[in-house]
Structures are given as structure tokens and as C-alpha cells.
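Residue numbers for the sequence shown follow our numbering, so the first one is 4 and each next one is one higher.
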Amino acid sequence: MGRIFKYLKARQWLYVFFCFVFVVLGVCLELKMPDYMSKITMLVETPGSEMSEVLKQGGMMLLCAVGSMITIIVTSFFAAKVGAGISKTLRDNVYNKVMDFSMEEIGRFSTASLINRTTNDITQVQMLFVMGLSMVIKAPIMAVWAIIKIADK
């Protein structure tokens, strides 16, 4: 996996950074929603609470949900850009390497194997980047942040 990172260009590293920033922002918004829910529950249980205050807290919770959805969309966009960029680079490199093969080397590989490596294998690497940039970054950040938040209460 580490070898693949050398194929990332500067722009793609910038997209990885943007993915990280938007994942952190999304985690922040997702972890704020339970706070709003507890405030709403407390307001509903308190006699004499104003409905406008409950609606205000509900609106803030809704804004967090919409904001979280937007961060997921933006993160997916940047992750897709990284995945497409790295797969393009890998396909170019594989194509150029195969074009440099002698007839004897081409004979050792079947045509089906070469086609599979330029399509399916590289597509799997692309999907790893797209899914990994959103999930692999998000899971540990959310776990640590949630544990810290629980420990503070």
C-alpha cells in the first residue's frame, strides 16, 4: 500500500488534506447532534418550557444534520478525485510498461491477465482510495472524539 502513495501528485495530496478537514468537520457536526437531542429532551420534560426554544434546538440539530450531509458529499467528491487521479496514473504506468515488453515477455502473460491488471486490479485500488479516505479516516477520529466527549461528562 505504501508504494501506491508515491503515485499521488501534489494536487491529489491537497485533495487528501481536504478530505481530512471535511471528515473532521463532519465528525464534529455528528457528535453535536446528541447534545441538541438532550437539550430538546430536557426542555420537553421541564414544565413551562417555550415551544420556540424546543424548535430552536431542533432547528440547530437539523442544521447539524444538513451540514454533516454536505461534508460527506464534499469528502466523497475529493476522495473520488484522488481515486480517479491515482488510477489514471497507474493505468498509464501499466500501459507504458506493457508496451516496453518484448514478445517473449508478452508470451509469459496471457492477454486476459494483462487486461485484468489494467482494468479490474486498478479499479480495486481506486475503490480502496475512495472508500478509505472517507471511512478509514472517519472511524478513528469519531471513536477518539466520542470517547473524549464521554469522559468529559
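Just so it is clear, CB atoms sit at the ideal spot from N, CA and C, and this is done for glycine as well.
Is residue i helix, strand or coil by DSSP?
{"i": "residue 90", "result": "helix"}
{"i": "residue 104", "result": "coil"}
{"i": "residue 52", "result": "coil"}
{"i": "residue 110", "result": "helix"}
{"i": "residue 61", "result": "helix"}
{"i": "residue 5", "result": "coil"}
Grab the span of the alpha helix (DSSP H) containing residue i for me, first residue to last.
{"i": "residue 29", "result": "13–48"}
{"i": "residue 137", "result": "125–155"}
{"i": "residue 116", "result": "114–119"}
Closest by CA to residue i, which one among the options?
{"i": "residue 156", "options": "37, 14, 16 and 63", "result": "37"}
{"i": "residue 126", "options": "109, 104, 41 and 87", "result": "87"}
{"i": "residue 141", "options": "122, 81, 75 and 107", "result": "75"}
{"i": "residue 89", "options": "71, 132 and 53", "result": "132"}
{"i": "residue 32", "options": "23, 55 and 71", "result": "71"}
{"i": "residue 136", "options": "28, 149, 30 and 78", "result": "78"}
{"i": "residue 10", "options": "129, 150 and 28", "result": "129"}
{"i": "residue 15", "options": "53, 82, 107 and 62", "result": "82"}
{"i": "residue 101", "options": "93, 91, 92 and 117", "result": "117"}
{"i": "residue 73", "options": "152, 28 and 52", "result": "28"}
{"i": "residue 24", "options": "111, 153, 149 and 144", "result": "144"}
{"i": "residue 157", "options": "48, 49 and 42", "result": "Since the first residue shown for the chain is 4 and the last is 156, residue 157 is missing from the structure and cannot be characterised."}
{"i": "residue 150", "options": "85, 92, 40 and 30", "result": "30"}
{"i": "residue 80", "options": "104, 148, 20 and 8", "result": "20"}
Would a check of beta-carbon distances place residue i closer than 7 Å to chain D?
{"i": "residue 79", "result": "The question asks about chain D, but that chain is absent: this structure has only one protein chain."}
**Q.** Three or more C-beta pairs below 8 Å linking the segment 27–37 and the segment 59–68
**A.** yes
Q.
Measuring CB atoms only, is the segment 111–129 touching the segment 89–101, in the sense that at least three cross pairs come out at less than 8 Å?
A. yes
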